[in-house]
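Visitor: One line per chain: the protein sequences are H and A, in this order. Residue numbers for the first sequence follow this note's numbering, so the first one is 21 and each next one is one higher. Residue numbers for the second sequence follow this note's numbering, so the first one is 18 and each next one is one higher. Pasting in a structure now, in structure tokens, and then I'll have a few things to ask.
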Amino acid sequence: MERKLLLEHIGVEGIHTHDVYRKNGGYSAVEKALKTMSPDDVVEEVKKSGLRGRGGAGFPTGMKWSFIAKPEGVPRHFLCNADESEPGTFKDRYLMEKIPHLLIEGMILSSYALGCNQSYIYIRGEYMYVLQILEKAIAEAYANGWLGKNIKGSGFDLDLAVSTGAGAYICGEETALIESLEGKRGNPRIKPPFPAVKGLWDRPTVVNNVETIAAVVPIVNEGGDAYAQIGIGRSTGTKLISASGNVNKPGVYEITMGITVEEFIYSDKYLGGMKNGKKLKACVPGGSSVPILPHYLVCKTAAGEDRLMSYESLADGGFATGSMLGSGGFIVYDEDQCIVRNTWNFSRFYHHESCGQCSPCREGTGWMEKVLHRLEYGHGKMEDIDLLWDIQRKIEGNTICPLGDAAAWPVAAAIRHFREEFEWHVKEPKLCMTKNYGLVTEKIFETVKG
Amino acid sequence: MSQDNIQFPEPLLQEVARQIAKFPEGKQKSALLSVLHLAQAHFGYLSEPVMDYVARLLHILPIEVYEVATFYSMYDTQPVGKVKLEVCRTGPCMIEGAEKIVSYIENKLGIKDGETTADGIFTLKTVECLGACGYAPMLQAGEKFHEHLTEAKVDELIEQYRKNPVANYLGLENHGA
Chain H
21 MERKLLLEHI GVEGIHTHDV YRKNGGYSAV EKALKTMSPD DVVEEVKKSG LRGRGGAGFP
81 TGMKWSFIAK PEGVPRHFLC NADESEPGTF KDRYLMEKIP HLLIEGMILS SYALGCNQSY
141 IYIRGEYMYV LQILEKAIAE AYANGWLGKN IKGSGFDLDL AVSTGAGAYI CGEETALIES
201 LEGKRGNPRI KPPFPAVKGL WDRPTVVNNV ETIAAVVPIV NEGGDAYAQI GIGRSTGTKL
261 ISASGNVNKP GVYEITMGIT VEEFIYSDKY LGGMKNGKKL KACVPGGSSV PILPHYLVCK
321 TAAGEDRLMS YESLADGGFA TGSMLGSGGF IVYDEDQCIV RNTWNFSRFY HHESCGQCSP
381 CREGTGWMEK VLHRLEYGHG KMEDIDLLWD IQRKIEGNTI CPLGDAAAWP VAAAIRHFRE
441 EFEWHVKEPK LCMTKNYGLV TEKIFETVKG
Chain A
18 MSQDNIQFPE PLLQEVARQI AKFPEGKQKS ALLSVLHLAQ AHFGYLSEPV MDYVARLLHI
78 LPIEVYEVAT FYSMYDTQPV GKVKLEVCRT GPCMIEGAEK IVSYIENKLG IKDGETTADG
138 IFTLKTVECL GACGYAPMLQ AGEKFHEHLT EAKVDELIEQ YRKNPVANYL GLENHGA
């Protein structure tokens with residue numbers, strides 16, 4: 021079954037404007053919810069839909085919503101996480117830029133469901149031009165009575181505003197986002213208390229990703245059960261995938277969960293295969309944080325079954341032979357790419373983005389970057405590979421927020437699957453400066469470094 | 018810049034008020050990141066007097082501004098050129114040739130990563146993932162994304178910004194540096 025639930029109208033001229041969006045069925049979910057559903061009904065539909073957080077964690081959205089505390093007389097807040105910064109991920113930018121009213125409609129539905137009257141979209145500072153698109157769309161929504169006091173005579177009030185970050189990956193972590201929205205450094209908070217109890221200005225708060233919030237629109241329109249029919253198993257609905265790397269057609273795709281990875285990479289409908297007829301070497305299927313898969317585990321699981329684009333199938337085999345769907349940042353590497361260089365690059369990223377609160381992450385990410393740098397530049401020793409393994413193991417699970425894990429996992433997976441390539445860098449300190457190791461199983465040394 | 022010159026013109030003061038009005042009474046500190054973007058766009062960079070001015074505008078302590086200005090990578094607390102060329106260096110851009118683009122710009126402008134040209138127009142900066150991985154390699158100048166970069170495209174861009182060196186986040190004329 022082939023359905024587009026989010027990007028169905030993306031090609032319609034002027035769909036970023038209120039009037040065109042409205043003509044194409046926009047805001048019908050808000051009308052339906054405000055006229056015929058109670059807030060709890062909306063929560064119930066989202067629970068039935070099986071929708072899971074699209075930012076990376078995959079936590080069931082309906083359950084997250086049900087945790088929100090409702091103390092008498094205390095305002096609650098609903099926040100959109102538009103801090104999209106996970107390397108390999110650019111789907112939220114695409115959605116907000118092309119069809120901003122879909123996010124606004126989702127914000128209204130979600131805020132209504134949670135009983136929030138003041139909601140915010142927190143967008144990364146580098147997306148300033150997208151912020152301007154959103155502000156224009158919000159002004160249109162106010163002008164047409166979808167925001168403000170007593171929306172369409174329902175008695176429900178909602179104010180919506182956009183606020184900006186200023187360059188910090190960490191602010192995609194929900195408690196860091198809240199700190200940042202309070203005008204502070206993006207240092208994640210110790211949990212508990214969870215944001216559902218004490219979030220923005222110590223008030224009950226729910227934070228959801230852009231794509232998650234947009235998905236509430238088709239769920240309300242068509243019903244949670246209908247949404248749950250799409251996809252496979254516990255991976256319901258559709259997912260936006262941001263595809264990059266050495267493929268013919270990188271870009272943003274809305275896929276039905278459950279198509280095969282092979283179809284996604286090689287069919288003309290999606291990525292159109294590897295660029296320049298090169299061979300697939302590896303794939304990071306869910307953003308830089310998730311384990312890298314060597315080519316023989318990309319399209320098939322270790323058990324030899326077809327690997328599917330779903331939460332479960334991409335994770336099949338655990339970290340030993342699997343990975344994660346994550347944010348859907350799908351990075352494809354061909355035979356010319358150097359795994360050591362890529363791992364060093366990612367480590368530099370995490371070192372740069374560590375907020376510095378927790379020693380294992382602050383020190384460990386810098387240490388990993390340094391060791392990987394010397395391996396890549398022909399100064400490494402064999403013991404360095406074990407040292408890297410040791411450092412990543414001591415970061416994982418020992419930090420306040422998941423940035424530590426996100427820094428550790430790519431290093432661990434690279435060593436797990438590409439150890440020979442790391443060893444080759446030690447054994448061939450001169451050669452590794454000019455040539456690449458090629459494919460792990462076929463021992464191709466021909467590709468010259470770029 | 019002396020303390021006396023530091024004053025937003027009326028339209029920007031109105032913009033500050035609009036940012037503050039997004040938040041409930043007493044929560045004006047939440048507008049800090051937005052106001053710092055405005056200040057940087059208008060004054061060129063966030064000098065100590067500029068940060069102190071922002072603190073006064075928001076009725077918060079100067080230290081509350083300093084700690085934020087030094088945490089987020091988009092804020093400059095030292096002078097920079099009128100046009101910052103921020104080239105993404107992270108994984109997906111790297112495998113599509115970001116490093117070559119960086120060295121091309123370095124050679125063309127005669128500056129290294131982090132440096133500013135003698136005429137004060139360009140600053141080159143490598144940055145982490147800007148969310149354009151499918152359209153790599155890319156750079157950001159002000160709020161504009163320039164994607165699918167080639168050497169020819171870089172030539173064009175540099176030409177264009179040399180003629181009209183306005184590329185900050187709000188299209189404001191830079192009154193600093």
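Note that the Cβ used here is the ideal one computed from N, Cα and C, for glycine as well.
(1) Leucine 167 of chain H and aspartate 179 of chain H: beta carbons closer than 8 angstroms?
(2) Below 7 angstroms CB to CB, which residues in the same chain sit around glutamate 168 of chain A once its five sequence neighbours on both sides are set aside?
(3) So what does DSSP say about arginine 113 of chain H, is it helix, strand or coil?
(4) In the DSSP assignment, the alpha helix (DSSP H) including serine 139 of chain H goes from what residue to what residue?
(5) For chain A, find out if any of its Cβ atoms is closer than 8 angstroms to the Cβ of glycine 93 of chain H; answer yes or no.
(6) Using a Cβ cut-off of 9 angstroms, pull out every chain H residue sitting near isoleucine 37 of chain A, in sequence order please.
(7) Among residues of its own chain, excluding the 5 on either side of glycine 34 of chain H, which ones have a beta-carbon nearer than 6 angstroms to its beta-carbon?
(8) Any contact of the region 44-55 of chain H with the region 120-133 of chain H, i.e. 3+ C-beta pairs under 8 angstroms?
(9) If you draw a straight line from the C-alpha of glutamine 177 of chain A to the C-alpha of valine 104 of chain A, how long is it?
(10) Nearest to proline 96 of chain A by CA position, among A:Val67, A:Pro26, A:Asn22 and A:Ile37, is which residue?
(11) Just to confirm the assignment, what range does the beta strand (DSSP E) spanning glutamate 103 of chain A have?
(12) Quick check on the DSSP output: the beta strand (DSSP E) that includes aspartate 354 of chain H runs from which residue to which?
(13) Would you mind giving the Cβ-Cβ distance between serine 90 of chain A and threonine 184 of chain H, rounded to the nearest angstrom? I have them listed as a contact below 8 angstroms.
(14) Comparing alpha-carbon positions, which option in A:Lys44, A:Ile23, A:Ala48 and A:Pro41 lies nearest glutamate 32 of chain A?
(15) Pick from H:Ile141, H:Ser86, H:Leu201 and H:Thr195: whose alpha carbon is nearest that of valine 63 of chain H?
(16) Residues of chain A with CB closer than 7 angstroms to the CB of alanine 181 of chain H, please, in chain order.
(17) Please work out which residues of its chain come closer than 7 angstroms, Cβ to Cβ, to isoleucine 275 of chain H, disregarding the five sequence neighbours upstream and downstream, and give them in chain order.
(18) Residues of chain A with CB under 7 angstroms from tyrosine 247 of chain H, in chain order?
(19) Sort out for me which residues DSSP pairs threonine 143 of chain A with in a bridge.
(20) At a Cβ cut of 9 angstroms, what residues of the region 138-163 of chain A count as close to chain H, listed as they run along the chain?
(21) Near glutamine 36 of chain A, what residues of its chain come up, given a Cβ to Cβ distance below 7 angstroms and the 5 sequence neighbours on each side ignored?
(22) Within 10 angstroms of its Cβ, does proline 154 of chain A collect 16 or more other Cβ (buried), or is it exposed?
(23) Please list, in chain order, the chain A residues whose beta carbon lies closer than 8 angstroms to that of glycine 206 of chain H.
(24) Run through chain A and tell me which residues come within less than 7 angstroms of leucine 201 of chain H, C-beta to C-beta.
(25) For glutamine 357 of chain H, does the three-state DSSP call read helix, strand or coil?
(26) Measuring alpha carbon to alpha carbon, tell me which residue in A:Gly43, A:Thr143, A:Lys142 and A:Leu126 is nearest aspartate 136 of chain A.
(27) Out of curiosity, what's the CA-to-CA distance linking asparagine 191 of chain A and asparagine 181 of chain A?
(28) Can you find a CB in chain A that lies within less than 8 angstroms of the CB of methionine 148 of chain H?
(29) Can you tell me which residues form a DSSP beta bridge with histidine 163 of chain A?
(30) Please tell me whether threonine 134 of chain A has its Cβ less than 8 angstroms away from any Cβ of chain H.
(31) Check for me: the beta strand (DSSP E) holding asparagine 228 of chain H runs from which residue to which?
(32) Output yes or no for whether 8 angstroms exceeds the beta carbon distance between leucine 115 of chain H and tyrosine 140 of chain H.
(33) How should asparagine 456 of chain H be labelled, buried or exposed, when 16 other C-beta atoms within 10 angstroms of its C-beta is the threshold for buried?
(34) With 7 angstroms as the limit, tell me which residues of the region 80-112 of chain A have their beta carbon closer than that to any beta carbon of chain H; keep them in chain order.
(35) For threonine 109 of chain H, return the contacting residues in chain A, with the cut-off set at a CB-CB distance below 9 angstroms.
(36) Please return the same chain residues whose Cβ sits closer than 7 angstroms to the Cβ of asparagine 365 of chain H, not counting the five positions on each side in sequence.
Guide: To lay it out plainly:
(1) For leucine 167 of chain H and aspartate 179 of chain H, yes; Cβs fall inside 8 angstroms.
(2) Excluding positions up to five away in sequence, the list reads Tyr121.
(3) Helix, per DSSP.
(4) Not the alpha helix (DSSP H): serine 139 of chain H falls in the beta strand (DSSP E), residues 138-143.
(5) Look at glycine 93 of chain H: its C-beta is not under 8 angstroms from any C-beta on chain A.
(6) Close to isoleucine 37 of chain A, with beta-carbon spacing below 9 angstroms, lies no residue of chain H; the smallest spacing is near 11 angstroms.
(7) These residues qualify, in order along the chain: Val40.
(8) Result yes; three or more Cβ-Cβ pairs closer than 8 angstroms.
(9) Distance between the alpha carbons of glutamine 177 of chain A and valine 104 of chain A: 17 angstroms.
(10) The residue among A:Val67, A:Pro26, A:Asn22 and A:Ile37 with its C-alpha nearest the C-alpha of proline 96 of chain A is A:Val67.
(11) From DSSP, the beta strand (DSSP E) with glutamate 103 of chain A extends over 100-105.
(12) Unbroken beta strand (DSSP E) run through aspartate 354 of chain H: 349-354.
(13) So it is not a contact: roughly 14 angstroms between Cβ atoms.
(14) If we check each option's Cα against that of glutamate 32 of chain A, A:Ala48 comes out closest.
(15) Among H:Ile141, H:Ser86, H:Leu201 and H:Thr195, the Cα nearest to that of valine 63 of chain H is on H:Ser86.
(16) The CB of alanine 181 of chain H comes closer than 7 angstroms to the CB of Lys39 in chain A, given here in chain order.
(17) Cβ neighbours of isoleucine 275 of chain H within its own chain (closer than 7 angstroms, five residues either side excluded): Thr258, Lys259, Ile261, Phe284 and Met329.
(18) Neighbours of tyrosine 247 of chain H on chain A: none; closest Cβ ~27 angstroms, over 7 angstroms.
(19) Note: threonine 143 of chain A sits in a beta bridge opposite A:Val104.
(20) Against chain H - using a Cβ distance shorter than 9 angstroms - the residues of the region 138-163 of chain A are Val144, Glu145, Cys146, Leu147, Gly148, Ala149, Cys150, Gly151, Tyr152, Ala153, Gln157, Gly159, Glu160, Lys161 and Phe162.
(21) Same-chain partners within the cutoff: Ala48, Ser51 and Val52.
(22) By the neighbour-count rule (16 or more Cβ atoms within 10 Å), proline 154 of chain A is buried.
(23) Per Cβ cutoff of 8 angstroms: Phe88 and Tyr89.
(24) The contacting residues are Ser47.
(25) In the structure shown, glutamine 357 of chain H sits in coil (DSSP, three-state: anything other than H, G, I, E or B).
(26) Shortest Cα-Cα distance from aspartate 136 of chain A to any of A:Gly43, A:Thr143, A:Lys142 and A:Leu126 involves A:Leu126.
(27) Its pLDDT being 47, under 50, asparagine 191 of chain A is placed unreliably by the model, and the measurement read from it follows with that caveat. Note on geometry: alpha-carbon atoms of asparagine 191 of chain A and asparagine 181 of chain A lie some 12 angstroms from one another.
(28) For methionine 148 of chain H, the answer is yes, since a Cβ of chain A falls inside 8 angstroms of its Cβ.
(29) Histidine 163 of chain A is bridged by DSSP to A:Leu156.
(30) Not an interface residue.
(31) Asparagine 228 of chain H -> beta strand (DSSP E) spans 225-229.
(32) Taking a C-beta distance under 8 angstroms as the contact criterion, leucine 115 of chain H and tyrosine 140 of chain H do not qualify as a contact pair.
(33) Taking a 10 Å sphere around the C-beta of asparagine 456 of chain H, we find 16 or more other C-beta atoms and assign the residue as buried.
(34) Within the region 80-112 of chain A, those residues whose Cβ lies closer than 7 angstroms to any Cβ of chain H are, in chain order, Glu84, Val85, Phe88, Tyr89, Ser90, Met91, Tyr92, Thr107, Gly108, Pro109, Met111 and Ile112.
(35) Within chain A, the residues Cys146, Gly148 and Cys150 have their CB atoms less than 9 angstroms from the CB of threonine 109 of chain H, given in chain order.
(36) Once the five neighbours on either side are set aside, asparagine 365 of chain H has no close Cβ partner at all.
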